[in-house]
Every structure is written in structure tokens, then in C-alpha cells.
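What follows is a short report on a single structure.
In the working numbering, the protein residues as written are 679 to 1104.
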């Protein structure tokens, strides 16, 4: 690999605890004064930067693109090597999804991607994909665990309404997020919400969704149909369960359902909601049915799990349905164990607790032009194919937009590797 860095780029280190992470970004972006990350996860690291061309603060996410490892004939048979190759392919596919889906989603409650780039010049050197996006000061995780503030009813309702609006837009575009949690919901100083991180998102197509993995959603926000390996394809209602968990956590200041593994989380769920119906049990496999039978529990009143002390009594307004009773009511509707009985996003948006903020134009915003071909998720692409596809799309886009700042391309990622561009004014 060539060590010569394109003179349009700059490299610098930022701190992540005791670890240093190198960022290589175009010179149009001024690095943060405090060389620290503002976000970090298994698949990406995020910094803030200042766009000197457009005079605005941005967030830049660095995603690692795994390299193809060429094993010897004997090593190639080793299960550990094969497992690592599968992990690398999964990581690359996650990057492809986020890169392919997020730039086309245009909604006030979904983070906007301005552009993408990579500093590498050839596919063989391709190691990092960078996404330039809106800068948001906080996320719900910070509000819950650092600020530790009890929120007023109007604030709770407004935050939940925006989350529902953003996810409603996803569902209207046939997309399931599949990784909703407090850390993936950004908030600014005006309490405006932006949904982040679409690496686990999938196009929801009832005709093809039987192949969707159950190994999605952080376990504390994972619905029963995923915990228990439901015997039929899951739907967009998995996102509704996650939102119910997030909203309860926002009110309580701690997780509603906890556990070290799926079985523990299930026990935590039934300790509050009670054991599921016999009809639901028919839809899970024998192993999980035995688990359900082994740990039976009766439901408790939700006010025992989310007591009135979690709310600010002085901010109640019965006329606006801003009461603890109505807050718990919408949670109970979103947290039905049986997805057939669970609220849809549309039903949640029409709940009385949302009444004060409900706006038809906001709820039914024009659909985004998402042009992500869902057959990509069904193709058996190897890591080399994925790397080449991502690299070609990013290079075609970034040379026009991010580095020079002189255009705006729309990139269509499709199953056959072809691209479609439309160029407009930046």
C-alpha cells in the first residue's frame, strides 16, 4: 500500500480512553479542538468537525471496512478462520446498508447524511469509509444516565412523538431499523430528535423477509418474537417494542427489562407483563416453549414497575392527557408480548398521550426516494465483492462532493453493481 496521502486530506489522532484512533479527512473539515470521540461503537467511531466551506458543525463517522484475508489451504479449513471471514462479511454488509439507505432518507427526525468519502485510492487499499452527517449535541443515553433529570410530561410526549414520526417514515418506506436504543437517538438543545445508525436496517418485504436474522437489536430492547425465535417472519413491530422499552427507560432512569442473556431478559419481561397466552406459545419452537413453561409469572400493575414518583406531578395536564396513567397506557400498548396485539407505529401516533403534538403533515411526510435494492441482502456476496461495490460507489460520490465541495451526487446502489447518478447544486 502506498503511504502517500492525497494532499486534499489530513490525518490526526483522537483519544478514545487510553486508545488512539486515527482519522483521515478532507482539509475542508477543521478537526475538533478537543481531540476526543463524541461517539463510539462496535462498527464506527465519531468525531465533530467544522466544515469551513459551508460554515457548519458536522459529525464524521469512521467505519472500518474489513480486508480480505487469504488463508493457506490448511488454514482455510479451520472453523475459526471461516468464522472470522463471516464476521468480516457481515461488517462490510452493515457498512453497505448504512451507506446505501441513510443518504436517501429525508425526514426531520432522521439524521441527514451530507456525504461519504474514503481516503484510499484503490480497492485493495480500501480500509475506511467515512460518513459526514448532521451534528447533534446529545443522545437519549446521556439524558438518562448523565443528566439524570426527571422530564416533564410535555417533554416526554414531544420526544416520543418525534421518535414515532421518524420510525413511521422508515416503515412507510419499507424499512425496519432493528437497532433502536437510547444511544441511537440523538437530541439537540431544542429537544429535536434525530434517529441514528442504520447498519442493521433492512428493507421489509413480506415476500422475502423469511431470511432476516433474529440476531439484531440490543437484547434489552429485543422483543419476545426475537428472544424466543418466533416460527414466522417478524415485522416492523419489532421497532415498536424497542421504542416502548426506550420510553420506559427515559421515564424510570434505568432499564425496564434487564438480563445477562436472552433467557434472563425473558424472565424480566414476564416478571412485569406476565406469561404469554397459549395462542402465542403455539408460535414458538419447542425449546422456547419449554422455557416459557419453566418460568411462569403473573403480570403486575405497570404502576409498580413505573411508579408515579418517576413523573413530575406538577406537569400533569388531564386535558392534554399528560398524566402518568396515559404515559403508562401507551407503554403497555407498545409492550404487548404478542406482536399481533402490539401497537403499530400509526396506532401509537394516534394514542391520547400524543394528541397535543400530532400533526398530519409531519406524520405523513412525503416518502423518501430510497433506492436500495433489497436483493443485495439476499445475494451471497463474498467480502471481496462487497468491498469493491462499496468502494466504487463511494469514490464516484466523494470525488464530487466531500473533498472538493462543488457538487451533490445521488448514488443508487443496486444488485447488479450498476450506479445511477444525479447531480445538483450543493
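C-beta: ideal position from N, C-alpha, C; glycine also.
{"Check": "Cα-Cα separation, residue 941 to residue 905", "Outcome": "8 Å"}
{"Check": "Whether residue 1012 touches residue 1006 by CB criterion (8 Å)", "Outcome": "no"}
{"Check": "Closest by C-alpha distance to residue 954, when choosing among 851, 899 and 903", "Outcome": "903"}
{"Check": "Proximity of residue 722 and residue 740 at Cβ, strictly below 8 Å", "Outcome": "yes"}
{"Check": "Rounded C-alpha distance that separates residue 832 from residue 1036", "Outcome": "13 Å"}
{"Check": "Neighbour-count burial assignment, residue 791, 16 or more Cβ in a 10 Å radius", "Outcome": "buried"}
{"Check": "Residues near residue 915 in its chain [Cβ-Cβ closer than 6 Å; skip 5 each side]", "Outcome": "1017 and 1020"}
{"Check": "Spatial neighbours of residue 744 in its chain, beta-carbon cut-off 7 Å, leaving aside the 5 residues before and after", "Outcome": "766, 769, 770 and 1061"}
{"Check": "C-beta contact flag for residue 882 and residue 853 at 8 Å", "Outcome": "yes"}
{"Check": "Whole-angstrom distance between residue 710 and residue 932, CA atom to CA atom", "Outcome": "32 Å"}
{"Check": "Contacting residues, own chain, Cβ-Cβ under 7 Å from residue 1178 (five flanking each side not counted)", "Outcome": "Since the first residue shown for the chain is 679 and the last is 1104, residue 1178 is missing from the structure and cannot be characterised."}
{"Check": "Nearest candidate by alpha-carbon position, reference residue 794, set 785, 780 and 959", "Outcome": "780"}
{"Check": "Buried versus exposed, by CB contacts within 10 Å (16 or more), residue 796", "Outcome": "buried"}
{"Check": "Simplified DSSP assignment, three categories, for residue 780", "Outcome": "helix"}
{"Check": "Pick from 843, 866 and 799 that is closest to residue 1043, judged by C-alpha positions", "Outcome": "843"}
{"Check": "Meets three-Cβ-pair contact criterion under 8 Å: the region 819-830 and the region 856-865", "Outcome": "yes"}
{"Check": "For residue 960, the nearest candidate out of 776, 703 and 907 (CA to CA)", "Outcome": "907"}
{"Check": "For residue 807, three-class secondary structure by DSSP", "Outcome": "strand"}
{"Check": "Neighbourhood of residue 943 by C-beta distance below 8 Å, restricted to the same chain and skipping five residues each side", "Outcome": "897, 898, 900, 905, 935, 936 and 937"}
{"Check": "Residue 1064 classed as buried or exposed, judged by whether at least 16 other C-beta atoms fall within 10 angstroms", "Outcome": "buried"}
{"Check": "Euclidean distance between Cα positions of residue 911 and residue 856", "Outcome": "14 Å"}
{"Check": "Three-state secondary structure (DSSP) of residue 1030", "Outcome": "helix"}
{"Check": "Residue 1011 - containing alpha helix (DSSP H), residue span", "Outcome": "1002-1012"}
{"Check": "Inter-residue Cα distance where the pair is residue 1029 and residue 778", "Outcome": "33 Å"}
{"Check": "Alpha helix (DSSP H) runs contained entirely in the region 779-865, provided each spans 4 or more residues", "Outcome": "831-850"}
{"Check": "Span of the alpha helix (DSSP H), counted from its first residue to its last, around residue 983", "Outcome": "980-983"}
{"Check": "One or two residues paired with residue 741 in a DSSP bridge", "Outcome": "807"}
{"Check": "Cutoff 7 Å; reference residue 869; Cβ partners in own chain excluding five residues on either side", "Outcome": "833, 836 and 837"}
{"Check": "Separation of residue 724 from residue 813, as counted between CA atoms", "Outcome": "10 Å"}
{"Check": "Terminal residues of the alpha helix (DSSP H) in which residue 690 lies", "Outcome": "It is not in any alpha helix (DSSP H) - residue 690 instead sits in the beta strand (DSSP E) that spans 687-694."}
{"Check": "Residue 840 burial status per 10 Å Cβ neighbour count (16 or more: buried)", "Outcome": "buried"}
{"Check": "DSSP beta-bridge partners of residue 700", "Outcome": "691"}
{"Check": "Cα-Cα separation between residue 980 and residue 947, rounded to whole angstroms", "Outcome": "12 Å"}
{"Check": "C-beta atoms of residue 718 and residue 694 nearer than 8 Å", "Outcome": "yes"}
{"Check": "For residue 977, three-class secondary structure by DSSP", "Outcome": "coil"}
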